[in-house]
Every structure is written in C-alpha cells, then in structure tokens.
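Keeping their order, the protein sequence lines are chains H and A.
Start counting the first sequence at 1; every next residue gets the next number (our numbering).
Start counting the second sequence at 1; every next residue gets the next number (our numbering).
To start, the structure itself, in structure tokens.
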Amino acid sequence: GENVEQHPSTLSVQEGDSAVIKCTYSDSASNYFPWYKQELGKGPQLIIDIRSNVGEKKDQRIAVTLNKTAKHFSLHITETQPEDSAVYFCAARGTNTGGFKTIFGAGTRLFVKA
Amino acid sequence: DAEITQSPRHKITETGRQVTLACHQTWNHNNMFWYRQDLGHGLRLIHYSYGVQDTNKGEVSDGYSVSRSNTEDLPLTLESAASSQTSVYFCASSNRGRTDTQYFGPGTRLTVL
C-alpha cells in the first residue's frame, strides 16, 4: 500500500542553525503534502503545505520543497529557536488513496539546544 | 471560535470493556477522521467519514467502530477493549471542496489494563 518514509527520526541542532527533515512517498498520484508540528500533549498542527504544481513554498523561517520526479519532499527550518522543539510529521495525500485519506510519516523529534 | 474537541482527555479501562471516545467539531466540516498514535508508527488511520451516515475503514480498523449521525460528531467505539489498543487517539476534520487541511483535536490517552 501507500507509504511515507521520514528521516531522521531524531534531530538535534544548536539554536540558530538550520534543520532539514526529508520524506519520500510511494504513491505517484499524491498531490498534496502537508507538514504538521506536534508539541507535547497536543494534537498535530499544520505549519505549511505544498501542492504538486509547486516546487517550493516559504513562510517566514520555514520552507518546503517538492521533487515529484524523485517523490521527495523536505521541510527546512532556518534560524531555529528553542520553541521549534517538537515532533514534526510529513504527510502525503493522493487521489488513489480514496479521496481524503492522508498517509503520515513516522515523525521527527527535533531538539533545539539553547 | 470554531474548534474540534475530544473527550475524555484521559481514560483508563479494563480488558473486555466497551469504551467510547467522543469527537465534536464546530466547523461544519464534511470529513472526519480517527487516528491512533503509537511510538514509531506516527499517525495511523482507524476510520473516517465523508458525511452523515457515511463511514469507512482505515488501515487499523479491527476492534473499532464509528457512526456518523450528524455533521458535528464522530464517536469512536472500542467494542471489547484490548491491551493492544492502549494508545493516544486523535480526531481530525477537514472541509471537502475548499481545503485539504486536517485540523486535529487535542487527543485522548487511553490505557487498557
């Protein structure tokens, strides 16, 4: 079935450095790629998303890139801050997955050291 | 403000008991979803609904059921709780036709002893 792989599972960076999280997906029909941030004790919150007709999208310190040929997409966080520490999930949704089902990666726990 | 809520936030039950987790959203969204979250597995889809009276099985639906009698609510029932169902459960909703964004509730931590 459809699958989304996410790497790394844990990432530790120094405050001010950049963090990159990478995902690959298996369903070539996937057309929507959201990223979620989950803080301790809370539900995932959407932070940025990208659609298949766009290669890159940026929102302040976060950006997402998409390579449809390679079926890769990545989250980039620049100038990291301690409040960026959380678990980040990538996800992919495709028309072959029955409409609105979204397949999630296993998550990346990001630690930003002050 | 519109929101999505879950109750209870924490629940401890015994093996074999029936448990129902509530999910309520005030966005008037058509689509609602139930996920479970376990370490190393991310979020796995249990059941989902595209509208009133519509329900569908996700990838880990065994032992769970849902019903959709109105737009706002999608309760999740564990017919006979098992220790393997100890997990954190998240409900989500999205508005078909406008955006694919799923909005998540705060979660319910369920422990089956």
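Backbone N, C-alpha and C define an ideal beta-carbon position, used for all residues, glycine too.
Quick one: residues in its chain with C-beta nearer than 8 Å to the C-beta of residue i, no 5 flanking neighbours on either side, listed in chain order?
i              : result
Y50 of chain A : N30, N31, N56 and R96
For residue i, which residues from the same chain have a beta carbon less than 6 Å from its beta carbon, with the 5 sequence-adjacent residues on both sides left out?
i               : result
D38 of chain A  : S87
I50 of chain H  : F33, K57, V64 and L66
G98 of chain H  : Unreliable placement is indicated for G98 of chain H, whose pLDDT of 49 sits below 50; no coordinate value is reported for it.
R98 of chain A  : Any reading at R98 of chain A must be qualified, since the residue scores a pLDDT of 44, below 50, and its modelled position is unreliable; no value is offered.
L75 of chain H  : I21, W35 and V64
S80 of chain A  : G16
Q102 of chain A : A92 and S94
F111 of chain H : S12 and S85
K101 of chain H : none
I103 of chain H : E2, V4 and A92
E14 of chain A  : L113
T111 of chain A : I12 and T86
So, using beta-carbon positions, are residue i and residue j closer together than 8 Å?
i               : j              : result
N53 of chain H  : G94 of chain H : no
E39 of chain H  : A86 of chain H : yes
I62 of chain H  : S18 of chain H : no
G107 of chain A : Y89 of chain A : yes
V60 of chain A  : R44 of chain A : yes
W41 of chain A  : D73 of chain A : For the record, residue 41 of chain A in the displayed sequence is His; it is not Trp. Taking 8 Å as the Cβ cut-off, H41 of chain A and D73 of chain A do not qualify as a contacting pair.
L113 of chain A : I12 of chain A : yes
Closest to residue i by CA distance: which of the options is it?
i              : options                        : result
V66 of chain A : A:F33, A:S93, A:T111 and A:L43 : A:F33
C91 of chain A : A:Q85, A:G105, A:S84 and A:L78 : A:G105
N28 of chain A : A:E3, A:H41 and A:E14          : A:E3
K37 of chain H : H:T102, H:C90 and H:V13        : H:C90
T24 of chain H : H:V4, H:K68, H:T69 and H:I47   : H:V4
Q60 of chain H : H:K113, H:E79, H:L46 and H:Y88 : H:E79
T5 of chain A  : A:A22, A:T13, A:Y48 and A:I46  : A:A22
D27 of chain H : H:H72, H:L46 and H:P44         : H:H72
K68 of chain H : H:E83, H:A92 and H:Y88         : H:A92
Q45 of chain H : H:Y88, H:T10 and H:A70         : H:Y88
H10 of chain A : H:K42, H:F104 and H:E2         : H:K42
T26 of chain A : A:L78, A:L110 and A:N70        : A:N70
Can you list, in chain order, the residues of its chain whose CB lies under 7 Å from that of residue i, leaving out five sequence neighbours each side?
i              : result
P8 of chain H  : T108
Q53 of chain A : R68
P8 of chain A  : T108
I47 of chain H : W35, Y36, K37 and I62
P82 of chain H : E15, V112 and A114
L78 of chain A : Q18, V19, G63, Y64 and Q85
G55 of chain H : T65 and L66
G58 of chain A : L45, I46, H47 and Y48
State buried or exposed for residue i, treating a residue as buried only when at least 16 other CB atoms are found within 10 Å of its CB.
i               : result
A106 of chain H : buried
R36 of chain A  : buried
S115 of chain A : In the structure displayed, chain A extends from 1 to 113; residue 115 of chain A sits before or after that span and is not available.
L76 of chain A  : buried
A29 of chain H  : exposed
Q85 of chain A  : buried
Q6 of chain H   : buried
Going along the region 81-109 of chain A in order, which residues come within less than 7 Å of chain H, judged by CB to CB distance? F90, S94, R96, D100, T101, Q102, F104, G105, P106 and G107
Which of the residues in the region 16-44 of chain A, read from start to end, lie with their CB under 7 Å from any CB of chain H? N31, G40, H41, G42 and L43
In chain order, what residues of the region 47-63 of chain A put their CB closer than 8 Å to some CB of chain H? Y48, Y50, N56, G58 and E59
Going along the chain, which residues of the region 38-60 of chain H sit with their C-beta nearer than 9 Å to a C-beta in chain A? The region 38-60 of chain H vs chain A, Cβ under 9 Å: Q38, G41, K42, G43, P44, Q45, L46, D49 and R51.
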